[in-house]
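Residue numbers (my numbering), protein chains in the order written: chain A, 786 to 1368; chain B, 218 to 299.
The beta-carbon is built from N, C-alpha and C at its ideal position, and this holds for glycine as well.
Here's the structure, in structure tokens; my notes come after.
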Amino acid sequence: MFDEDIKYTDILDANRRLGKCLSGAQYNIAVLSNIVTYKFNDIFEYFLRKENINAHVKSGNYDNIVQDSQALEDVNLVIVFWEAANFVEGLHYMVNVMDQEQTEELEGKIKTDISFVLENLKKVPLVIFNRFSPLLFNYQNIRQNKFDRLCENLNRYLEAAALENVKLVDINKVITQVSVKKSIDERFYYSSKALYSVEFYKCYTAYIRRAILSVHGKSKKVFVFDCDDTLWKGIVAEDGFDGIEMSRKTKDGAIFEEIQYQVLKLCKQGVILGLCSKNNPSDIDEVFARHPDMVLRKEHITIKKVNWNDKVSNLKEIANELNVAFDSLVFIDDSDFDLNFVKAQLPQVTVLKVPEKLYEYPSMLRKCAELFFALSESDEDIRRTALYRQQQEREHAKSKYSNLEEYLESLKLRLIIHVDARTIVPRIAQMTQKTNQFNLTTKRYTESEINKFVENDGYKIFAFDAHDKFGCYGITGLCIVHFENNKKKCYIDSFLMSCRVIGRNLEFSFFDFIVSTLKAAGVEEIEGRYVKTIKNSQVSDFYDKVGFQVVRSSEKEKVYRLEISRYRGKKVTYVQTEYGKGN
Amino acid sequence: MCKQNMEKGIKKVMSAVFGIDESAIDEATSPDIIETWDSLRHMTLIIALEEEFSIQFDDAEIAEMINLQRIRTAIEKKVSNI
């Protein structure tokens, strides 16, 4: 995460080296200030360059904010350090002896300047503007003085005047973390107007950095939790349903109650929640469905890997199914064993450990919540999260219907079927390589092998693109058919579906479509097989369900056959099928 | 701290602050020779040295520290057990 302990010398050195080796689009940052902030430049550059952002920070001229704001070109980000104490030199003590008229005149002038600067900065994509703060000079006062009031008035004005592109930063929060004493360097303030210390700038950078990372699409997206001793106190398989704690009724339970509320808040702000836990799935489901103290419920969890597989495989599946990179995942667990394994195998995943001292857990989680900070939703973000959102909406819709059939009917499901479509060959190959659960034969193919099938008359590849009223799932179903020379008989070489469309009976409509197409082409007999793997037990009776007869059966596989004239099909009424364009 | 380590520490800091090779730093290194050694960099140098050696200089010392020899002397005065 953020290494605040790195020495200033090492920052200078590392920053220079990073500057030489980073390529890619420059991210130009201008710092406008009425104090000397030059130390900030290297520190800020370094922490962004470390994240592969080719940052270039330039300072404006000393105390030239108004003029500089007019002359900016090709700047991606402007940071404004407008120090109230230096509006006019020595203002923090001068203002306290000014009369009413003078104060008002000064306040008026500063407001005009602020408006002018904001107007000039209107076209800059992002402006980070520090709120005015009297704290460094006034923290001892019991009674508010004129300097406090001036800052307060100006902040109110600033809030009203700030446009969409301006983010106001409360530097008091930074000063609080660092302490007043360590935030300023009085020597250099009085000799050179260099008010803030290196420590302050490091902390300030850590504070605003997530906003910049979010603009660069580097926010975390998925938060994956272990269950026992991570979401509640205790182990459900040992302590039992009634023995686990997550409410303020017990001391430790209170901590987990806060944890669950924090996580719920993240969920509401759009963070995808996942479970990755070694447990009996039914135990965990039971807790989420029926435990009276749970704050988090099934509908908040987008993806669930509750099984006895290792956590690395489960996290890989999570990333895969959600179609996100490993570096968008944050994983939290209480077991060093599991965390170390993940750290070693998937270094891109951010891992967190539940603190030994449980009372430190809530503050740790509050800090980590910033990893998910999203400045605003760009079009790109919305596209990227649309899929997850749709998923959540579907889950939501599901709870409104009394039975599954009714729910499925409401979805307005549609399959668009592509036959031998060249443009989707990469996706078809990927599906054969990645699909494990709903996969009858689990044959893996490369793109070039799929291409050969497309060109070969003896094969036909059916794939579907699934839609419902919430959106599109993408290419998620596949069937590869192999014909005998006389074309009277064919074999189903592969039949699979991506897990995100399981549970909607799409497979039956897809199969109906395939059979009727084959029938129309003169096929009389179909042979299919189920090849057992450790993951595909859910489809072991698929051919039985669609009316095939078992020809032979062994431990490893079952071979089926169907006389096409006897096929009845499932005739699922709520799924429409149609040919895609270009077939 | 031994003298050798101190010398190494100073050169490391100067090299990082001014963006020059450690081998290019000798007794003659001063603002007259190093182009990047201006008043702002001087502050950087002081802050980085203070952090490196966990010491703090006052105003008068800061103004004095304008070549390797003087930097060495200023630090020696602050760092015990050399």
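Taking Cβ positions only, does residue i come closer than 8 Å to chain A?
i         : result
B:Met-260 : yes
B:Val-234 : yes
B:Lys-229 : yes
B:Leu-285 : no
B:Ile-288 : no
B:Asp-276 : yes
B:Glu-281 : no
B:Glu-239 : no
B:Glu-269 : yes
B:Pro-248 : no
Could you check whether residue j and residue i sit closer than 8 Å to each other, using their CB atoms as the reference points?
i          : j          : result
A:Cys-1061 : A:Val-1136 : no
A:Val-865  : A:Asn-940  : no
B:Ala-233  : A:Thr-794  : yes
A:Cys-1264 : A:Phe-1223 : no
A:Tyr-812  : A:Asn-839  : yes
A:Asn-800  : A:Tyr-847  : no
A:Asp-1250 : A:Ile-1201 : yes
A:Ala-996  : A:Phe-1126 : no
A:Asn-871  : A:Asn-819  : yes
A:Arg-1314 : A:Phe-1255 : no
A:Asn-923  : A:Phe-932  : yes
Out of the options, which has the shortest C-alpha to C-alpha gap to residue i?
i          : options                                           : result
A:Gln-1047 : A:His-1085, A:Ile-1201, A:Lys-1219 and A:Ile-1103 : A:His-1085
A:Lys-1274 : A:Glu-1348, A:Tyr-1146 and A:Ser-1301             : A:Glu-1348
B:Lys-225  : B:Ser-240, B:Phe-235 and B:Gly-236                : B:Ser-240
A:Asp-1326 : A:Ala-1306, A:Ser-1350, A:Val-1300 and A:Phe-1293 : A:Phe-1293
A:Lys-987  : A:Tyr-1364, A:Gln-1222, A:Lys-824 and A:Arg-1337  : A:Lys-824
A:Leu-948  : A:Ile-899, A:Leu-935 and A:Ser-1301               : A:Ile-899
A:Leu-857  : A:Asp-1070, A:Val-1300 and A:Lys-908              : A:Lys-908
A:Glu-1030 : A:Asp-1070, A:Met-1079 and A:Val-1000             : A:Met-1079
A:Lys-952  : A:Val-959, A:Ile-960, A:Lys-958 and A:Leu-943     : A:Leu-943
A:Thr-1015 : A:Thr-1362, A:Arg-994, A:Asp-1121 and A:Ile-1213  : A:Asp-1121
A:Lys-1152 : A:Asp-790, A:Gln-962 and A:Pro-1211               : A:Gln-962
A:Pro-754  : A:Ser-1148, A:Phe-1111 and A:Val-851              : In the structure displayed, chain A extends from 786 to 1368; residue 754 of chain A sits before or after that span and is not available.
A:Ser-844  : A:Asn-1236, A:Phe-829 and A:Leu-833               : A:Phe-829
A:Asp-1068 : A:Gln-1045, A:Glu-1102 and A:Lys-1083             : A:Lys-1083
A:Gln-1054 : A:Asn-938, A:Lys-1006 and A:Ser-964               : A:Lys-1006
A:Phe-1268 : A:Lys-1341, A:Ser-1233 and A:Val-1239             : A:Val-1239
A:Val-1210 : A:Ile-1260, A:Arg-1199 and A:Glu-1194             : A:Ile-1260
A:Ala-946  : A:Val-983, A:Glu-904 and A:Glu-971                : A:Glu-904
A:Glu-868  : A:Val-842, A:Leu-906, A:Ala-979 and A:Lys-1245    : A:Ala-979
So if DSSP puts residue i in a beta bridge, which residue, or which two residues, is it bridged to?
i          : result
A:Asn-1224 : A:Leu-1281
A:Gly-1028 : Bridge partners of A:Gly-1028: none, in fact.
A:Arg-1033 : For A:Arg-1033, which the question treats as bridged, DSSP gives no partner whatsoever.
A:Glu-1312 : A:Tyr-1276 and A:Arg-1346
A:Lys-1245 : A:Val-1266
A:Asn-915  : A:Val-954
A:Leu-1060 : A:Phe-1010 and A:Lys-1089
A:Gln-1361 : A:Arg-1199
A:Leu-1114 : A:Val-1007
A:Asp-1369 : Coverage of chain A is limited to positions 786 through 1368, which leaves residue 1369 of chain A absent and any answer about it impossible.
A:Phe-866  : A:Ser-818
A:Tyr-989  : Per DSSP, none; premise fails for A:Tyr-989.
A:Asn-813  : A:His-841
A:Trp-1017 : A:Asp-1013
Taking Cβ-Cβ distances shorter than 9 Å, what residues in chain A pair up with residue i?
i         : result
B:Ile-264 : Tyr-793, Lys-824, Asp-970, Phe-973, Ser-982 and Val-983
B:Glu-252 : In chain order: nothing, as chain A lies at least about 15 Å away.
Quick check: is the beta carbon of residue i nearer than 8 Å to any beta carbon in chain B?
i          : result
A:Asp-848  : no
A:Ala-979  : yes
A:Ser-976  : yes
A:Arg-1212 : no
A:Glu-1162 : With a pLDDT of 44 at A:Glu-1162, under the threshold of 50, the modelled position of that residue is not reliable, and the figure given next carries that caveat. Chain B, which has no Cβ nearer than 8 Å to the Cβ of A:Glu-1162, makes this no.
A:Leu-797  : yes
A:Glu-789  : no
Below 7 Å on C-beta distance, what does residue i contact in chain B?
i         : result
A:Ser-808 : Result: empty, since nearest Cβ-Cβ is about 20 Å, beyond 7 Å.
Name, please, each residue of chain B whose Cβ falls closer than 8 Å to the Cβ of residue i.
i         : result
A:Arg-801 : Ala-233 and Gly-236
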